[in-house]
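Participant: Protein chains in written order, with this note's numbering: chain A, 225 to 502; chain B, 225 to 502; chain C, 225 to 502; chain D, 225 to 502; chain E, 225 to 502; chain F, 225 to 502.
Ideal Cβ placement from N, Cα and C applies to all residues, glycine included.
So, in structure tokens, the structure goes:
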């Protein structure tokens, strides 16, 4: 992930926190020449994502701050692990603290939730993917965190793959007309995925063909039947009702991909603290 | 909440989803003159926030879309309640759908989590407040959702109140010097809050005075002792370890405010769907 | 194409032309209440693209201007055809004129160049595609214009498909390692294309597989041999040295796609004028 | 040209190419620690413009990239000349490549086209100028390239000089009223130019006076007559039908300035490549 | 002045006042459905500028607000004159009030100061012009206000005219080399002005020529001598020490233009109030 | 004040001055390799603010410029004091000059005006505060300058404190209902101030209570009576008719705060020059 992909998120988060008046607490209570050192510490076990982003928060506030990353994105850490060491002007550290922790906590939360699902399907054929059900404005960071948690990315938006869902089918009239219309209009490098909710729809789709079929809200029995029907002619993806509890049964049906909105829209924040060295 | 406070969030969320190539699925599969109607429907029980924001998403994509809000922010709804009716060009509805649901789901999730804490302290003196532990770039929407859930807002950022925390005290040397320094530098309309973690610190603070004391990570017993010591000389606020399970005991200590990061950084998404009228 | 995909281009183009001082000629020479009507007229034969964009330029300057589109994007017109009628405040028309014509002229130039290549391959299997060799900041409009000219869009940027070129192969060591590495890291909905410049490389690629092969700078004879070797296992795309003169011979080799940078980076402007009705 | 005048163009061009997902090919196929060196090489003869801009593209992506310019803007180079050497992280070079080449190719294309017209009028009194018929959003770069090709810049927009054209005359009623109205309203440092299309209009203009007269779409014979009539009382500028073939005859009429839209809106891209050192 | 030239100033001023939390006073104390009417009233005598800008502030906050302008920019009003009537949601009026008054007060302050200088030179040949000594970010509005006060605009920035000052002369070596170098590099539509501080420099300049001479910080006697020397060969402009008290004597020397920084950087605010109709 | 709070103001001010064409005078008259040194010099006595901001202007144009600050913000200097030394490329110095001086002159003007009021109340209890009557878009710099002049800041906008003014009281019906409504809706850390214009209103307010009372446009006698009535129950603030001449009498009434719009909206510019070392 290149810095230009997320620097604007850092800038906006800092602007939101600083407003126009700035950090009146630090400017009020701390001499401008005071210095300090501190550690970002995990307060729970989990998988990390966002260390480089957190570093950049500190550097955006003050390029003179020394920031040392002690762990790597994608790594698993125990509670109380030291993740980052920062040293510099006390005011700079305090100004950056909350924004750095908010970003790192959100991203590591997503990575940890993803890793939980990935662990649950270990040994099966299935890979865990994300969705477009992401926190508004934070998608690029959440998708990165999914990769760090061992998941794969579904499309990044409406722009990079065709997904024909029930509402498109209603408007287009039939699976065939929807797929053929799309195929004739989009470029040759665009993947086409079609959502089906029944075996009947799937059979209709198999006639016209697609790159991926999304098997939405099907029971494990139905999924198994669908996977057999598809028989390798396209990738199979299951979605709907995916939780840490249900995902194993879904994976065992043989689907290629299981996509989950929960890992991005509801992942609990990863608990962190900035401990000053006194 | 005025539209200018959040329109930029909508714009960025839509830009993130549309990219430069736009909605290639709808443009590929749906005729430009197709029209449709649909309902935004709750898939769970809870407290709503963000209906006006969701409306604005649809209108940003297409001012010709008809949007009717069927419920009010702050209202409680059962699962399957219809929340919004939209009608217009099919492509416009599909282009706006995910962003509208992502925003409404995030905001109603926060309102529902807040309402759960508020209900848990019913009958006590305590009010539920938020923190700066918010999703980066989305603070204004999350703070609004907290109000809709019956909570109150703590400061919006580093700029609108002084909060002297442990790390400031370390840098300033003592509670007295930190508070006096801040008081002499900030304007007369600025509230000063000081975090203490022990009865000793609290006693030191009572000598110099402040508007609010934050009693951080104290047990109910300690909180009770602290509230008695303060004896109305300043507002008392408790934080740390606040969960739906623990909040009642905290509230019964007599503190004025209980602040929670959980309601903003880890509130589960409110489940929603856009059901087309076929 | 949704307005939000290009409004920022219009805004920047107008800002570039108005500067801070605005249209000092019109404000200097024309009364503020003068009104006029005018036609946008083609000064050459060709294929149109950008009529809706041009309309939006006039409306951005003055929402009260009446704009009537007389032709459709993708349509072919003779020289002197009237394309758009505008009526309103004279100052508003003159302020928008140059920016509207510059955009419509650029886009129709691309559509016309594309249509010329498309016509040249009529009757063959080949489709004409664009590249990333577009005018900086104007890609979305140029890619739209390519579609209006009868072409198809290659990827919109570095983000929506994998293209492994010679320079990637040098860095990765081999075709196999490059493709396998990419396949393991990108999402399941991402298409993978690999550039080869020789039959040897193509054979290496056929072992590992890909979605599309880019046959770069090959002679028609080599292309024919390559197409035969591929034998439908992936899409074949030819690039390099594509001109209106050479494209027919390339198309007759049986390749699926012929991509051209010329249609976007060097398409001559489509000649237009704004004729006032006196 | 100061960097602040064009950095926003680079930023937008890179954003357009990277989208939110970034360079998935390089991140997929190339190790993050791979390094490389490469040359930007001319694939045709011509006049250069944009070397500093291209350098800035590489540095914007990665300030650690080493960039050495081997030629100067305004210089003439043969085909296969090496223009720039870059060295650094392979991913950084590949991420910047297309945007750097697109900008340098566009700008050198303009410089080369301008130089062709300038060469064609060598030995006459005439200077070659550009117009406002530029690529939307890229005017500042194109105007710079015109200077590098030996041309001079006409006004940069509607804001920096008064140009009274036929449409203004229609609205103002007469040449006299248009010029007098403008002169009374604009500042004393603003130049006033008036377009005339006939000798009658020119005579009318000579009575009221102006700084420059634009002789639009006149034949060489008419131009010669007009230049004689003006007799040094104002600068004379010819426009309309200016091509590499016609410009010599126009220049020989004695006009001071010949302005051409072709050099900015239709200049063929300058052919370039980035050759990696293997 | 077109709205696009200043809307960004309104947007930033409102954003500065609303922050992220918005108007907590009005939302706290006033019901959302309360309505009101009010007048913007002059609290002093003077010349108006900015009525249209003020209108736009109210409409930006709430397009449903009714705004009626009772006076015109450039008009002279007595104290207590009603300038604008607004009616609509009470919250909307209060949210817009301060920003509207700040802008109208600043602009009318500039217009009133300019009008004072213009009145002081009545009957002479001299016109009053502004400078680049404007409030940062507000130049376009201040230059407009100068015109409304009866003044004329000097260049809008570094970009629209050449001004060779003492510091340029030091760097260039001589008046001749500075002027000749500039003339060969800038476009034919660019005006060249040169600052001189002595009769010797002026004589040097008269040899090489320019469009305008800036006679800086000269006494009336010296100015008179300079004007005689120039003898109509270029426009003469006086600057330095221009106050309402000194300007008459300067004007009577016969200079064409007198430029003043005071009218933009130090004009006292025009006193205004928003009186609600109770 | 952190750089991120004002860098956007510098960027906009420079953009306003450079436009798209840049500094055509320096590029026209000065060789690109010429270097120079210069001093920013005070041309009057006064209190400084903005030295760091001015430094940042020079560095924004050219990070290679050497800038040495010779004085401190908040310091008092005599006329002709050297404030800043700059050295570097001549073109860079000239490009930054006007914007640096405009910002430093505006800010030091505010600081000097504030210091004048502060000196006038010396020995009394009163502190001098600013208002929201600031120059649009420049509030953060003006509020900083007020602090440097020895004043204190009132609220930064509508967002960081409640101020209930006459127009709110009209809409809310009574002082009691306005205050109680606000108190129930805003957060516990928000200060509430209420404006009263008579002793009757003050008595009404004393019943319901507030943090600060604004005594608007009262005579010294009335102020004295109000201060006695309040008797320390809330902070007292006087506003209206505050000038260097009247402020002493107001201060002697015993009010805590005296707020002045004059120090921000009408402070005369601080006179400065950039003197090149020849």
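For residue 355 of chain A, list the residues DSSP reports as bridge partners.
Facilitator: For the purposes of this step, residue 355 of chain A is identified with residue 131 of the first chain, where counting begins at 1. Residue 355 of chain A pairs with nothing; no bridge assigned.
Participant: Quick check on the DSSP output: what are the complete alpha helix (DSSP H) runs of length 4 or more inside the region 272–337 of chain E, in order along the chain?
Facilitator: 275–285
Participant: Around the C-beta of residue 513 of chain B, are 16 or more other C-beta atoms found within 10 angstroms, so that it is buried, or is it exposed?
Facilitator: Coverage of chain B is limited to positions 225 through 502, which leaves residue 513 of chain B absent and any answer about it impossible.
Participant: Going by C-alpha distance, which of E/225, E/430, E/334, E/243 is nearest residue 228 of chain B?
Facilitator: The residue labelled residue 228 of chain B in the question sits at position 4 within the second chain. It is E/243 whose Cα lies nearest to the Cα of residue 228 of chain B.
Participant: Using the C-alpha atoms, what's the distance from residue 233 of chain F back to residue 339 of chain B?
Facilitator: In the second chain, counting from the first residue as 1, residue 339 of chain B sits at position 115. In the sixth chain, counting from the first residue as 1, residue 233 of chain F sits at position 9. Note on geometry: alpha-carbon atoms of residue 339 of chain B and residue 233 of chain F lie some 41 Å from one another.
Participant: Scan the region 339–369 of chain B for residues whose Cβ lies nearer than 8 Å to a Cβ of chain F and list them as they occur along the chain.
Facilitator: Taking 8 Å as the Cβ-Cβ cut-off, the region 339–369 of chain B approaches chain F at 351, 353, given in chain order.
Participant: Taking only three categories from DSSP, how would you classify residue 488 of chain F?
Facilitator: By one-based count along the sixth chain, residue 488 of chain F stands at place 264. Residue 488 of chain F falls in the helix class under three-state DSSP.
Participant: Would you mind telling me which residues of chain A sit closer than 8 Å to residue 244 of chain E, beta carbon to beta carbon, in chain order?
Facilitator: On the fifth chain, position 20 is the one that residue 244 of chain E refers to. What residue 244 of chain E touches in chain A: 240, 243.
Participant: Mind listing, in chain order, the continuous beta strand (DSSP E) runs of no fewer than 3 residues lying wholly within the region 423–474 of chain D?
Facilitator: Qualifying beta strand (DSSP E) stretches, in chain order: 436–440, 459–463.
Participant: Could you give the first and the last residue of the continuous beta strand (DSSP E) run that contains residue 249 of chain D?
Facilitator: As a working mapping, residue 249 of chain D is identified with position 25 in the fourth chain. Where residue 249 of chain D is concerned, there is no enclosing beta strand (DSSP E), although the alpha helix (DSSP H) it sits in stretches over 248–253.
Participant: Exposed or buried, which one is residue 457 of chain C when buried takes at least 16 other CB atoms within 10 Å?
Facilitator: Counting from one through the third chain, the residue named residue 457 of chain C turns up at place 233. Residue 457 of chain C is exposed by the Cβ-count criterion.
Participant: Would you say residue 392 of chain E lies against chain F (beta-carbon separation less than 7 Å)?
Facilitator: For the purposes of this step, residue 392 of chain E is taken as residue 168 along the fifth chain, with counting starting at 1. It does; some Cβ of chain F falls within 7 Å.
Participant: Would you mind listing the alpha helix (DSSP H) stretches within the region 358–416 of chain F that are 4+ residues and don't spill past its ends, in chain order?
Facilitator: 363–372, 390–396, 399–409
Participant: Would you please state the rounded distance, in angstroms, between the beta carbons of residue 463 of chain F and residue 483 of chain F? I believe it to be under 8 Å.
Facilitator: Taking the sixth chain and counting its residues from 1, one reaches residue 463 of chain F at position 239. Taking the sixth chain and counting its residues from 1, one reaches residue 483 of chain F at position 259. So it is a contact: roughly 5 Å between Cβ atoms.
Participant: In chain E, what lies closer than 9 Å to residue 517 of chain D by C-beta?
Facilitator: Lying outside 225 to 502, the shown extent of chain D, residue 517 of chain D is not represented and no answer is given.
Participant: If we count Cβ pairs, one from each stretch, closer than 8 Å, do we get three or more for the region 262–276 of chain F versus the region 344–355 of chain E?
Facilitator: no
Participant: Would you check if the region 482–498 of chain D and the region 246–266 of chain E touch, i.e. whether three or more CB-CB distances between them fall below 8 Å?
Facilitator: no
Participant: So residue 413 of chain B contacts chain F; which residues on that side make the cut at Cβ distance below 7 Å?
Facilitator: Locating residue 413 of chain B in the second chain gives position 189, where the first residue counts as 1. Chain F residues near residue 413 of chain B: 378, 379, 385, 415, 417, 436.
Participant: What's the call for residue 267 of chain C, buried or exposed, on a 16-neighbour Cβ count within 10 Å?
Facilitator: Position 43 of the third chain holds residue 267 of chain C. So residue 267 of chain C ends up on the exposed side.
Participant: Determine the contact status of residue 264 of chain F and residue 498 of chain F, defining contact as a CB-CB distance below 7 Å.
Facilitator: Sequence index remark: in the sixth chain, residue 264 of chain F carries index 40 (1-based). Sequence index remark: in the sixth chain, residue 498 of chain F carries index 274 (1-based). Yes, the pair counts as a contact, with Cβ atoms nearer than the cut-off.
Participant: Just to check my reading of the structure: residue 417 of chain D and residue 386 of chain D have Cβ atoms closer than 8 Å, yes? What is that Cβ distance to the nearest angstrom?
Facilitator: Numbered from its first residue, the fourth chain carries residue 417 of chain D at position 193. Numbered from its first residue, the fourth chain carries residue 386 of chain D at position 162. That pair is a contact at about 7 Å.
Participant: Assign residue 347 of chain C to one of two classes, buried (16 or more other C-beta atoms within 10 Å of its C-beta) or exposed (fewer than that).
Facilitator: Here the question's residue 347 of chain C lines up with position 123 in the third chain. Exposed, by the Cβ-count rule.
Participant: What three-state label does DSSP hand residue 263 of chain B in the structure shown?
Facilitator: Residue mapping note: residue 263 of chain B aligns to position 39 of the second chain, counting from 1. Residue 263 of chain B: strand per DSSP, three-state reduction.
Participant: For residue 481 of chain F, which option in F/438, F/454, F/469, F/487 has the closest C-alpha, if you only look at C-alpha atoms?
Facilitator: Taking the first residue of the sixth chain as position 1, residue 481 of chain F is located at position 257. Of F/438, F/454, F/469, F/487, the residue nearest in Cα terms is F/438.
Participant: With H, G and I counted as helix, E and B as strand and the rest as coil, what does DSSP make of residue 483 of chain A?
Facilitator: Stepping through the first chain from its first residue, residue 483 of chain A is reached at position 259. Reduced to three states, the DSSP call for residue 483 of chain A is strand.
Participant: Is the region 282–291 of chain B close to the region 363–380 of chain B, with three or more CB pairs under 8 Å?
Facilitator: no
Participant: Give me the residue from E/479, E/465, E/472 with the minimum Cα distance to residue 450 of chain E.
Facilitator: Numbered from 1 along the fifth chain, position 226 holds the residue referred to as residue 450 of chain E. Comparing Cα positions, the closest option is E/479.
Participant: Could you tell me which chain D residues have their CB closer than 7 Å to the CB of residue 229 of chain A, listed as they occur along the chain?
Facilitator: Mapped onto the first chain, residue 229 of chain A falls at position 5. Within chain D, the residues near residue 229 of chain A are 242, 244, 246.
Participant: What do you reckon, are the CB atoms on residue 412 of chain B and residue 246 of chain E nearer than 7 Å?
Facilitator: Numbered from 1 along the second chain, position 188 holds the residue referred to as residue 412 of chain B. Numbered from 1 along the fifth chain, position 22 holds the residue referred to as residue 246 of chain E. Contact flag unset, no.
Participant: How far does the beta strand (DSSP E) with residue 200 of chain C in it extend, from its first residue to its last?
Facilitator: Any question about residue 200 of chain C goes unanswered here, given that chain C covers just 225 to 502.
Participant: Can you find a CB in chain C that lies within less than 7 Å of the CB of residue 226 of chain E?
Facilitator: On the fifth chain, position 2 is the one that residue 226 of chain E refers to. Judged by the 7 Å Cβ criterion, residue 226 of chain E is in contact with chain C.
Participant: Compile a chain-ordered list of the residues in the region 314–327 of chain A whose CB is closer than 8 Å to at least one CB of chain F.
Facilitator: Taking 8 Å as the Cβ-Cβ cut-off against chain F, the residues of the region 314–327 of chain A that qualify are 319.
Participant: What first and last residue would you give for the alpha helix (DSSP H) that runs through residue 231 of chain D?
Facilitator: Numbered from its first residue, the fourth chain carries residue 231 of chain D at position 7. It spans 231–242 - the alpha helix (DSSP H) in which residue 231 of chain D sits, taken as one unbroken run.
Participant: At 9 Å on the CB atoms, spell out the chain B contacts of residue 388 of chain A, in chain order.
Facilitator: Sequence index remark: in the first chain, residue 388 of chain A carries index 164 (1-based). Residues of chain B whose Cβ lies closer than 9 Å to the Cβ of residue 388 of chain A are, in chain order, 249, 252, 253.
Participant: Chain D beta carbons: is any one of them nearer than 7 Å to that of residue 489 of chain C?
Facilitator: Working through the third chain from its first residue, we reach residue 489 of chain C at position 265. Yes, residue 489 of chain C lies at the interface with chain D (some Cβ there is under 7 Å from its Cβ).
Participant: Residue 419 of chain D bridges to which residues according to DSSP?
Facilitator: Counting from 1 along the fourth chain, the entry for residue 419 of chain D is found at position 195. In DSSP, residue 419 of chain D forms a bridge with D/438.
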